[in-house]
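Below is one structure, written out as structure tokens, with a few remarks after it.
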Amino acid sequence: MNLSRPARLLFRLVLAAGLAVIYVPLLVVLLNSVNADRTFGWPPSGLTLRWWAAAWDSAGLRDALWTSVQAGLGATAVALVLGTMAAFAVQRYRFFGRDTVSLLIILPIALPGIVTGIALNNAFRAVLEPFGVGLGLFTVIVGHATFCVVTVYNNVLARLRRTGTRLEEASADLGADTFTTFRLVTFPMMRSALLAGGLLAFALSFDEIIVTTFTAGAGVRTLPIWIFENLFRPNQAPVVNVVAAALILASVVPIYLAQRLSGEVGTH
Amino acid sequence: MSAQAAEAAGFRRGLAAFLHRRPWVRLSLLLSAPLLWLGVAYLGALAALFVTAFWTTDTFTGELVRTFTWANFRDLLTGEVYRTITLRSVGVALAVTVIDLAIAFPVAFAMAKVASPRSRRWLVIAVLTPLWASYLVKAYAWRVMLSSGGLLGWGFGLTATVLTLAYLWLPYMILPIYAGLERLPDSLLEAAGDLGARAGRVFRTVVWPLAFPAVIAGSIFTFSLSLGDYIAVKIVGGKSQLIGNVVYDNIGAANNLPFAAAVATVPVVIMLVYLAAVRRTGALENL
Numbered sequence: 001m002n003l004s005r006p007a008r009l010l011f012r013l014v015l016a017a018g019l020a021v022i023y024v025p026l027l028v029v030l031l032n033s034v035n036a037d038r039t040f041g042w043p044p045s046g047l048t049l050r051w052w053a054a055a056w057d058s059a060g061l062r063d064a065l066w067t068s069v070q071a072g073l074g075a076t077a078v079a080l081v082l083g084t085m086a087a088f089a090v091q092r093y094r095f096f097g098r099d100t101v102s103l104l105i106i107l108p109i110a111l112p113g114i115v116t117g118i119a120l121n122n123a124f125r126a127v128l129e130p131f132g133v134g135l136g137l138f139t140v141i142v143g144h145a146t147f148c149v150v151t152v153y154n155n156v157l158a159r160l161r162r163t164g165t166r167l168e169e170a171s172a173d174l175g176a177d178t179f180t181t182f183r184l185v186t187f188p189m190m191r192s193a194l195l196a197g198g199l200l201a202f203a204l205s206f207d208e209i210i211v212t213t214f215t216a217g218a219g220v221r222t223l224p225i226w227i228f229e230n231l232f233r234p235n236q237a238p239v240v241n242v243v244a245a246a247l248i249l250a251s252v253v254p255i256y257l258a259q260r261l262s263g264e265v266g267t268h
Numbered sequence: 001m002s003a004q005a006a007e008a009a010g011f012r013r014g015l016a017a018f019l020h021r022r023p024w025v026r027l028s029l030l031l032s033a034p035l036l037w038l039g040v041a042y043l044g045a046l047a048a049l050f051v052t053a054f055w056t057t058d059t060f061t062g063e064l065v066r067t068f069t070w071a072n073f074r075d076l077l078t079g080e081v082y083r084t085i086t087l088r089s090v091g092v093a094l095a096v097t098v099i100d101l102a103i104a105f106p107v108a109f110a111m112a113k114v115a116s117p118r119s120r121r122w123l124v125i126a127v128l129t130p131l132w133a134s135y136l137v138k139a140y141a142w143r144v145m146l147s148s149g150g151l152l153g154w155g156f157g158l159t160a161t162v163l164t165l166a167y168l169w170l171p172y173m174i175l176p177i178y179a180g181l182e183r184l185p186d187s188l189l190e191a192a193g194d195l196g197a198r199a200g201r202v203f204r205t206v207v208w209p210l211a212f213p214a215v216i217a218g219s220i221f222t223f224s225l226s227l228g229d230y231i232a233v234k235i236v237g238g239k240s241q242l243i244g245n246v247v248y249d250n251i252g253a254a255n256n257l258p259f260a261a262a263v264a265t266v267p268v269v270i271m272l273v274y275l276a277a278v279r280r281t282g283a284l285e286n287l
């Protein structure tokens with residue numbers, strides 16, 4: 001576009017300012033995790049790794065992290081199965097109510113989390129409690145899986161749309177049955193889409209707090225619940241800050257993986 | 001091959017052939033689990049919640065009274081407090097959307113039309129990365145910055161809530177607008193310039209109308225995510241209350257699920273109205 005030099009400069013400045021707005025708060029958290037001042041006085045009076053050591057030793061924190069990993073893996077597994085099934089049904093078949101299926105899958109993330117949360121809470125207590133199943137890790141996984149399906153569904157759907165059915169037909173013509181074709185042709189084609197969808201599902205579950213609040217019951221504490229509980233306790237502030245800093249550093253991992261995945265797709 | 005293995009292989013082949021000949025069996029099998037989970041269990045839970053909104057709780061025993069009544073919705077509509085909180089929530093959601101739009105549009109434009117094509121990929125990653133950082137961490141970052149003695153030190157309240165929410169949902173606004181602007185051919189902008197339009201006019205008559213569906217798509221995210229939020233306002237909002245807090249308090253402290261259910265329909269209805277209003281712009285295909 002024919003923009004004047006000052007205009008270009010202005011837009012570059014805007015871009016830099018926008019990125020600064022996005023990154024400064026995260027950098028503040030990272031810096032505060034080594035701030036020697038317990039109350040995060042600004043500027044930091046000195047640097048220390050004391051809080052990182054304290055976080056490492058916190059048993060409650062480790063339990064919460066482990067619970068979050070379990071919940072994330074469980075929800076991701078369910079989402080992978082349900083999302084793939086639904087994506088195949090919608091992409092490969094024409095049937096009455098096909099659009100409704102898509103809508104149904106998007107609904108749990110389109111509605112406010114609190115609506116999904118109290119609806120599930122109400123249903124669990126009405127349906128599961130008579131069987132002696134209380135709120136716990138199981139209900140958290142069910143709740144998370146409900147809104148994680150959409151990420152796998154979207155990724156697999158896009159992949160199926162792009163690949164078409166030609167290779168599968170060729171495989172059938174060469175004598176492979178439905179299962180062999182799936183194992184040798186369809187599944188390898190979908191692998192990176194499943195990985196991307198699964199990654200998103202795990203991240204979504206790992207970060208979720210609202211639905212978790214209503215499906216976890218008293219004993220189960222995921223990492224976000226732990227953070228939220230300790231957020232308002234002044235003496236826990238440095239440890240909470242370390243957790244926040246660690247999560248910021250960890251958020252680079254999925255970006256790296258996503259880049260690798262898209263690179264893999266690009267070489268095909 | 002043992003007899004047992006041969007039998008298993010034969011069964012497998014038979015099953016494969018059976019499935020191959022009957023597409024509707026395959027379809028039913030594929031749809032069974034997702035529909036049982038989302039269609040029966042989840043929709044059922046939502047429907048049950050909606051029905052609950054027409055019940056009441058016995059103020060004395062706390063038990064549910066399962067008789068149909070409009071009482072919850074009447075309280076909701078006539079209660080001065082609830083009207084104020086609803087208006088406040090919509091106001092916060094609107095303010096967040098406007099702030100995000102004001103920041104996101106120039107940033108997205110600079111990314112799509114000013115930055116070199118090579119640096120674009122990295123800019124997208126730079127905007128995308130904070131999306132993976134935890135929601136709580138980002139809200140917490142603002143709590144630290146806004147608290148007295150922090151980097152900004154402006155204190156907590158409704159303004160702090162708006163700023164924090166705007167920060168949280170900013171990437172959701174930048175990315176659709178960026179995608180929309182990237183699709184916009186440079187030649188259109190050059191043609192407008194060649195025909196004598198100045199920058200302001202090009203923006204008004206070419207860029208904005210073509211990017212509008214993307215803007216709406218972004219606003220759906222920022223608006224709906226703000227409307228349902230009650231965590232950020234607890235972290236940086238001080239004593240402020242939004243719709244989400246009313247729902248939360250009615251479930252926890254007040255133990256009044258029917259009223260909470262009735263309140264929870266408010267953001268859903270507002271969102272449905274909003275979605276119906278923007279459907280014609282074609283924004284829903286931009287999501």
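These protein sequences, in sequence, are chains A and B.
When we follow UniProt numbering, the leftmost residue of the first sequence carries the number 1, and every step to the right adds one.
When we follow UniProt numbering, the leftmost residue of the second sequence carries the number 1, and every step to the right adds one.
C-beta: ideal position from N, C-alpha, C; glycine also.
None of the values given here were measured: they were computed from a predicted structure.
Need the endpoints of the alpha helix (DSSP H) that residue i sits in, please.
i              : result
residue 187(B) : 186 to 194
residue 290(B) : In the structure as shown, chain B starts at 1 and stops at 287, and residue 290(B) therefore has no counterpart that could be examined.
residue 173(B) : 158 to 183
residue 28(B)  : 23 to 34
residue 208(A) : No alpha helix (DSSP H) contains residue 208(A), which DSSP labels as neither H nor E.
residue 12(A)  : 5 to 32
residue 57(A)  : 50 to 57
residue 161(A) : 137 to 163
residue 118(B) : 117 to 132
residue 39(A)  : Taken as a continuous stretch (DSSP letters only), residue 39(A) belongs to no alpha helix (DSSP H), as it is neither H nor E.
residue 274(B) : 257 to 278
residue 234(B) : 231 to 236
residue 212(B) : 208 to 227
residue 201(B) : 199 to 202
residue 286(A) : Missing from the structure shown is residue 286(A); chain A here goes from 1 to 268 and no further.
residue 235(A) : Taken as a continuous stretch (DSSP letters only), residue 235(A) belongs to no alpha helix (DSSP H), as it is neither H nor E.
residue 166(A) : 166 to 173
Can you pull the chain B neighbours of residue i, defined as C-beta to C-beta under 7 Å?
i              : result
residue 178(A) : 16, 19, 20
residue 166(A) : Ordered by position in chain B, no residue passes the 7 Å Cβ test against residue 166(A), which lies about 17 Å from the chain.
residue 152(A) : None at all; the shortest Cβ gap to chain B is about 11 Å.
Chain B partners of residue i, CB-CB under 8 Å?
i              : result
residue 288(A) : A query on residue 288(A) cannot be resolved here, the shown segment of chain A reaching from 1 to 268 and no further.
residue 118(A) : 49, 247, 251, 257, 260, 261, 264
Short of 6 Å in beta carbon distance, which residues of its chain neighbour residue i, apart from the five on each side in sequence? Order them along the chain.
i              : result
residue 83(B)  : none
residue 19(A)  : none
residue 76(B)  : 82, 262
residue 112(A) : none
residue 104(B) : 173, 174, 177
residue 157(A) : 87, 91
residue 127(B) : 171, 174
residue 230(A) : 236, 240
Within its chain, find whatever has a CB closer than 7 Å to the CB of residue i; leave out the 5 residues flanking it on each side and keep chain order.
i              : result
residue 363(B) : Outside the modelled stretch of chain B, which goes from 1 to 287, sits residue 363(B), for which no answer is possible.
residue 95(B)  : 162
residue 205(A) : 71, 72, 75, 76, 144, 148
residue 85(B)  : 241, 242, 243, 246
residue 266(A) : Caution is warranted here: a pLDDT of 39 is assigned to residue 266(A), below 50, making its placement in the model unreliable, and the coordinate value is therefore given only provisionally. So no residue of the chain qualifies.
Starting from residue i, find everything on chain B with Cβ-Cβ shorter than 9 Å and list it in chain order.
i              : result
residue 85(A)  : 29, 30, 31, 32, 33, 34
residue 82(A)  : 33, 34, 37, 38
residue 216(A) : What residue 216(A) touches in chain B: nothing, since even the nearest Cβ is about 14 Å away.
So which residues of chain A does residue i contact, with C-beta pairs closer than 7 Å?
i              : result
residue 39(B)  : 104
residue 107(B) : 14, 15, 18
residue 13(B)  : 177
Against residue i, what residues of chain A qualify as contacts under a CB-to-CB distance less than 8 Å, listed in chain order?
i              : result
residue 103(B) : 18, 21
residue 138(B) : 25, 26
Counting only the same chain and skipping the five closest in sequence on each side, list residues whose C-beta sits under 8 Å from that of residue i.
i              : result
residue 49(B)  : 261, 264
residue 136(A) : 216, 217, 219, 220
residue 37(A)  : 44, 45, 46
In chain A, what lies closer than 9 Å to residue i by C-beta?
i              : result
residue 89(B)  : Correct list: empty, because the minimum Cβ distance to chain A is about 11 Å.
residue 170(B) : 18, 21, 22
residue 227(B) : 112
Strictly below 8 Å CB to CB, what residues from chain E border residue i?
i             : result
residue 44(B) : Going by chain labels, chain E is absent from the structure shown, which instead holds the protein chains A and B.
Are the stretch 97 to 113 of chain B and the stretch 172 to 180 of chain B in contact at 8 Å, needing three or more beta carbon pairs?
yes
Whole runs of the alpha helix (DSSP H) within the stretch 83 to 130 of chain A, excluding any shorter than 4 residues:
98 to 110, 113 to 127
Are three or more beta carbon pairs between the stretch 63 to 71 of chain A and the stretch 208 to 224 of chain A nearer than 8 Å?
yes
How do the stretch 224 to 233 of chain B and the stretch 155 to 168 of chain B stand: do at least 3 beta-carbon pairs fall below 8 Å, yes or no?
yes
Whole alpha helix (DSSP H) runs in the stretch 8 to 90 of chain B with 4 or more residues, listed along the chain?
23 to 34, 43 to 52, 71 to 78
Assess, as a yes-or-no matter, whether the stretch 134 to 154 of chain B is touched by the stretch 26 to 33 of chain A under the definition of 3 or more beta carbon pairs within less than 8 Å.
yes
Check whether the stretch 52 to 59 of chain A and the stretch 171 to 186 of chain A are in contact - that is, three or more C-beta pairs closer than 8 Å.
no
Is the stretch 128 to 142 of chain B close to the stretch 61 to 74 of chain B, with three or more CB pairs under 8 Å?
no
Can you confirm whether the stretch 80 to 87 of chain A touches the stretch 27 to 37 of chain B when touching is taken to mean that 3 or more C-beta pairs between the two stretches lie within less than 8 Å?
yes
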